[in-house]
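S.K.:
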Amino acid sequence: MKQALRNSTPARLLGPIIRLLTVMGPQRMLLVRSTLSMTAYQMFAAAAGALSVGLAATITAQSTDTRVATVLAAGLIAAVLANGLFTWIESWLSHVLAYRVIETLRLRVHDAIERITPAGMKRRRAGEVAGSTMADVEALEWFYAHTLGSAANAVLGPLAVTAALVTLVGPTGLIALLGAIALLTVPWLFAALQARQGREVRTELGRLTAISFEGAESLREILALGLGARHLDEVRAATRRLQRRKRTFALRSGIETAIADAIVAITTIGTLLVQAERVATGQLSATLFPVALVLTAATFAPAVAIFAVAQKLGEVSAAAERVLDVIDAPASVNDHPTPVTLPAAGSAATGSGAVSLENVHFGYSPTEPVLTGVTLRIAAGETVAIVGVSGSGKSTIASLLVRFWDPTSGNILLDGVPLRSIAGNRVREDVLLVGQHPYLFRGTVRSNLLLAKPDASDRELWNALDHAVLGPTIRAWPDGLSHRIGEAGATMSGGQRQRLALAQAFLRDPAILVLDETSAHLDALSESELGATISSLRAGRTTIVIAHRLATIARASRVVFLHDGGILVEGTHHELISTSEEYRSLIGHPASTSPAISAALPRSITTPKGGDNNADHRHYADRD
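According to full-length UniProt numbering, the sequence shown is numbered sequentially starting from 1.
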C-alpha cells in the first residue's frame, strides 16, 4: 500500500529531481543570487505596471499639482530600467548555474559508464546510454536554468506583491493570493498522470535514439543486406509511438492550461467586481482601482511562470530517473577498499608479467557457465597461444585479465598479487588488450597514437607504425601522421585499423600484451611480417595470443587448447600435433577425429580441408 501511495503521489514526480539537487554543491549561492534576481525583476515589473496606471490616473485627474506625476514618472523610468537590468542578471546567472550543474552531471554519467565497465554496458543499448548522456541531461539543463529559481520565486513573488496589494486596498487583496495558490495546485492534481506520461515519452525517445544510433553504426551492414527499408520501417514505427505519447502528454497539458486559465479569469473578475463595488461605496479611491487590478495580475505572474514549468515536470522527472539509472548502476567489478599499491607500470625491461589462473570459474549469468575450473600458469616473458572453438572462453579469459569482469570463483594473479586487490585502472596499465575490432577515434593518425603515449615524439610514433607494418602506408598518404581518420576508423580498412591499434600497443610497451585475434584482418604477408616483429619485441614481455591462424599459433612457445570451459590439453604446437587428435581436428590437420570432440566442434573445424570454406577453418588451416 505504501509503495502504491508513493507511485501515485507527487513524491513519484519530484523524487528523482530532488535526488539530483545534490549535484548543486558549491553552486547553491549562485542559485540564491539567481532566485533573488528573478524576484527583483518581477517586483520591478509589477512596480512599473502599478506606477504606469497610477501616472495615467493622476494625469487623467487633471490635477494642477504636477509633483505627484513627476515622482510617478521618475519611479516608472527607474522601475523599467531596474527590471531590464535584473532580467539580464537573472538570465545570465541561471544559465551559468545550469551549465555548471550539467557539466557535473555529464562527468558523473561518464564516471558511471567507466565504473560499470563492459560487463554492465552489455546489458544496455548503446543508443539509450547515449540518450542518457545527451538528451536526458540536456532536458535537465532546462530544469536547472528555468525551474529552480521559478519555483522559489513562485512563493516569494506572490507574497511580496500581495503584501503591497493589501497595504493599498486592505484584506480584499488576499483574493489574488488565493487564486495564485489554487493555480499552483493544478499540476499536483495531475502529478501521477504526468509522471507516468513523462516516463513513457522519455522511454520512447530513448528507443528512437537507440534505433537511430544503431542504424548509423551499422549502416554498411544494413545496406549490404538490403535492410534499408526494414530499418526505415523501424524508425517510422518508433517515431509514431513517440508521437502518440507526446500527443497524450500535450492533451493532459492542454487540460491543465484550460483549468489554470479559468482560475486566473475567475480570480481577476472576482477582484474586479469586489474592488469596483468598494469604489462605488467609497471604500476605495478610484485612483487605486486600476493599480489594484495591475497588482492582481502581478500576483499571478510568478505562479503562471512556474505553472508552465510544472507542466513539463513529468518529462524532466523521467529524464532525471534515466540519468540516475546510469549513475546508480552497480559496478560489475568492485575495487578493493584498500587496493594494493604496485610500483610503476611494468614493461619488458622490468621482467614482470607472470600470470596465474587458479581454478577460475566464470559465467555471464548463473545459467551460462563459460569457464569451469581453469588453472593456468604463464611465466614472465612467455608467449602462450590460447585456441579453441567459438564460445570456449578464449576472449573471456582476455577480458578477465584486464578486469572487465572478475571471476565468479577462483583467483587470477599478476606477479603473485590477486587482480581483485589491484584497482582496475592500475591493472590495465600493466595488461594491454588489443581486440579483433579496435575502435579508433575521429581525429588524425597522430592523435590516435598519442592516446597510448601522450608525450611521444614523432620519431616514436613512426617507430611504432613501422613495428606494426603500417609505416610505409602512412608515409604514402599526403598528410602522413596528420591524415584524418573518420569515426571508428571508418576511412581505414580493417587491416589498417588493426595495425594502428598494434602501433598503440607498441607505444604503451606493457608488461603483458593480450592479442585477441589481432591478425584476423591481415593478409598472409602482413601477418607474417607483423608476427616476426612481435617475436622480436616480445623478449621479456608476457604475450597471450588468442588466434585462429596456424602461423600465429606455431610461433607461441606454448599452446593451450580450451574445450567446454576448461583446458583440454596444452603443450607446444608440434607436441600437440603429435599427441592430440582433438588439436589436429581443430587446426584441420589430416587425421582421424574423436567422435565426441567431432560432435562438439563446428562443421568448419571437423570437415576435412577443402570440404568447407568457413572462416574459422580457413584460419586454422592457414599456412605461410
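We treat Cβ as the ideally placed atom computed from N, Cα and C, and that holds for glycine.
For clarity, every value in this text was computed on a predicted model and none was experimentally measured.
Okay, do the stretch 66–78 and the stretch 171–190 touch, 3+ Cβ pairs below 8 angstroms being the bar?
M.R.: no
S.K.: With distances taken Cα to Cα, identify the nearest neighbour of R541 among S253, A229 and L513.
M.R.: As a position in the sequence shown, residue 541 is number 541, starting the count at 1. When each option's Cα is compared against that of R541, the closest is L513.
S.K.: With 16 as the cutoff for other CB atoms within 10 Å, does M492 come out buried or exposed?
M.R.: Counted from its first residue, the sequence shown places residue 492 at position 492. The residue in question, M492, is buried, as its Cβ has 16 or more Cβ neighbours within 10 Å.
S.K.: Please state whether the Cβ-Cβ distance between L515 and V545 is less than 8 angstroms.
M.R.: Translated into positions along the sequence shown, residue 515 becomes position 515. Translated into positions along the sequence shown, residue 545 becomes position 545. Cβ atoms of L515 and V545: closer than 8 angstroms.
S.K.: Whose CA, out of L550, T281 and Q194, lies closest to the CA of A385?
M.R.: In the sequence shown, counting from the first residue as 1, residue 385 sits at position 385. The candidate whose alpha carbon is nearest that of A385 is L550.
S.K.: If you follow the alpha helix (DSSP H) that I259 is part of, which residue opens it and which one closes it?
M.R.: Taking the first residue of the sequence shown as 1, we reach residue 259 at position 259. That run of the alpha helix (DSSP H) goes G228 to A280.
S.K.: Are A468 and L500 touching if we call contact CB-CB under 8 angstroms?
M.R.: Walking along the sequence shown from the start, residue 468 turns up at place 468. Walking along the sequence shown from the start, residue 500 turns up at place 500. Yes, they are a contact pair.
S.K.: Would you call the stretch 563–571 in contact with the stretch 579–587, where contact means no fewer than 3 C-beta pairs closer than 8 angstroms?
M.R.: With the cut-off at 8 angstroms, the stretch 563–571 and the stretch 579–587 touch.
S.K.: Spell out the partners DSSP gives H95 in its beta bridges.
M.R.: By 1-based counting over the sequence shown, the position of residue 95 is 95. DSSP lists no beta-bridge partner residue for H95.
S.K.: Should the stretch 291–299 be regarded as contacting the stretch 43–56, the criterion being three or more beta carbon pairs within less than 8 angstroms?
M.R.: With the cut-off at 8 angstroms, the stretch 291–299 and the stretch 43–56 touch.
S.K.: Using CA atoms only, rank isn't needed, just tell me which of A488, Q42, A229 and G54 is closest to T299.
M.R.: As a position in the sequence shown, residue 299 is number 299, starting the count at 1. Answer by Cα proximity: Q42.
S.K.: Any chance the stretch 159–176 sits against the stretch 358–365, with 3 or more Cβ pairs inside 8 angstroms?
M.R.: no
S.K.: Which class does H110 belong to by DSSP, given the choice of helix, strand or coil?
M.R.: Here residue 110 is taken as the residue at index 110 of the sequence shown, counted from 1. Three-state DSSP puts H110 in a helix.
S.K.: What ranges does the beta strand (DSSP E) occupy inside the stretch 448–503, keeping only unbroken runs of at least 3 residues that lie completely in it?
M.R.: none
S.K.: Just grab the DSSP bridge partners of F404 for me.
M.R.: As a first step, residue 404 is located in the sequence shown; it is residue number 404 there, counting from the start. Answer is none; F404 lacks a bridge partner.
S.K.: Looking at the unbroken beta strand (DSSP E) that takes in I546, where does it start and where does it end?
M.R.: The sequence position of residue 546 within the sequence shown is 546, counting from 1. Counted as a single uninterrupted DSSP element, the beta strand (DSSP E) harbouring I546 occupies residues T542 to I546.
S.K.: In chain order, which beta strand (DSSP E) runs of at least 3 residues are fully inside the stretch 362–407?
M.R.: Whole beta strand (DSSP E) segments, 3+ residues: 369–378 and 383–387.
S.K.: For D479, count neighbouring C-beta atoms within 10 Å of its own C-beta (all shown protein chains included) and say buried if the count is 16 or more, exposed if not.
M.R.: Here residue 479 corresponds to residue number 479 of the sequence shown, with the count starting at 1. With fewer than 16 other CB atoms across the displayed protein chains lying within 10 angstroms of its CB, D479 is exposed.
S.K.: Consult DSSP for R549 and reduce its assignment to one of helix, strand or coil.
M.R.: Here residue 549 corresponds to residue number 549 of the sequence shown, with the count starting at 1. Assigned with DSSP and collapsed to three states, R549 falls in coil, not helix or strand.
S.K.: What's the gap between the Cα of A46 and the Cα of G206?
M.R.: Numbered from 1 along the sequence shown, position 46 holds the residue referred to as residue 46. Numbered from 1 along the sequence shown, position 206 holds the residue referred to as residue 206. If you take the alpha carbons of A46 and G206, they lie about 42 angstroms apart.
S.K.: Can you tell me whether H573 is helix, strand or coil according to DSSP?
M.R.: Your numbering for residue 573 matches position 573 in the sequence shown. Of the three classes helix, strand and coil, the one that applies to H573 here is helix, per DSSP.
S.K.: Hey, P369 and G565: beta-carbon distance below 8 angstroms or not?
M.R.: As a working note, residue 369 is residue 369 in the sequence shown. As a working note, residue 565 is residue 565 in the sequence shown. Cβ distance < 8 angstroms, so P369 and G565 count as in contact.
S.K.: Helix, strand or coil: which one does DSSP assign to D516?
M.R.: Taking the first residue of the sequence shown as position 1, residue 516 is located at position 516. The answer is strand: DSSP assigns D516 an E or B state.
S.K.: Can you find at least 3 beta carbon pairs, one from the stretch 371–385 and one from the stretch 417–427, that sit closer than 8 angstroms?
M.R.: no
S.K.: V23 and A139 - do their beta-carbons sit closer together than 8 angstroms?
M.R.: Your numbering for residue 139 matches position 139 in the sequence shown. Your numbering for residue 23 matches position 23 in the sequence shown. Between A139 and V23, the C-beta gap is not smaller than 8 angstroms, which leaves the two residues out of contact.
S.K.: Mark R322 as exposed unless 16 or more other C-beta atoms lie within 10 angstroms of its C-beta, in which case mark it buried.
M.R.: Locating residue 322 in the sequence shown gives position 322, counting from the first residue. Its Cβ being crowded by 16 or more others within 10 Å, R322 is buried.
S.K.: I422 lies in the alpha helix (DSSP H); which residues open and close that run?
M.R.: Stepping through the sequence shown from its first residue, residue 422 is reached at position 422. Taken as a continuous stretch (DSSP letters only), I422 belongs to no alpha helix (DSSP H), as it is neither H nor E.
S.K.: Counting Cβ pairs, one atom from each stretch, are 3 or more of them under 8 angstroms apart for the stretch 24–34 and the stretch 93–110?
M.R.: yes
S.K.: Could you check if H574 is buried or exposed, using at least 16 other CB atoms within 10 Å of its CB as the buried criterion?
M.R.: The residue you call residue 574 lines up with position 574 of the sequence shown. Classification for H574: exposed.
S.K.: Kindly indicate which three-state DSSP category G566 falls into: helix, strand or coil?
M.R.: To locate residue 566, count along the sequence shown from 1; it is residue 566. Correct three-state label for G566: strand.
S.K.: How close, in whole Å, do the beta carbons of I378 and V355 come, if the pair is a contact with beta carbons under 8 angstroms?
M.R.: What you label residue 378 is simply residue 378 of the sequence shown in a count that begins at 1. What you label residue 355 is simply residue 355 of the sequence shown in a count that begins at 1. About 4 angstroms; that satisfies the 8 angstroms criterion.
S.K.: Once you ignore the five residues that flank A82 on each side, which residues in its own chain have a CB closer than 8 angstroms to its CB?
M.R.: Reading the sequence shown from its first residue, position 82 is the one you call residue 82. Here the set comprises A40, Y41 and F44.
S.K.: Our contact map puts A301 next to G157 with C-beta atoms below 8 angstroms; I'd like the distance itself, whole angstroms only.
M.R.: As a working mapping, residue 301 is identified with position 301 in the sequence shown. As a working mapping, residue 157 is identified with position 157 in the sequence shown. Confirmed, about 7 angstroms.
S.K.: What three-state label does DSSP hand T66 in the structure shown?
M.R.: As a working note, residue 66 is residue 66 in the sequence shown. Here T66 sits in coil by DSSP.
S.K.: Give me the DSSP bridge partner(s) of E358.
M.R.: Position 358 of the sequence shown holds residue 358. Its beta-bridge partners are N411.
S.K.: I need the DSSP call for G433, collapsed to helix, strand or coil.
M.R.: Start at 1 with the first residue of the sequence shown, and residue 433 comes out as number 433. Reading off the sequence shown, one finds Leu at residue 433, where the question assumed Gly. Residue state, collapsed to three classes: strand.
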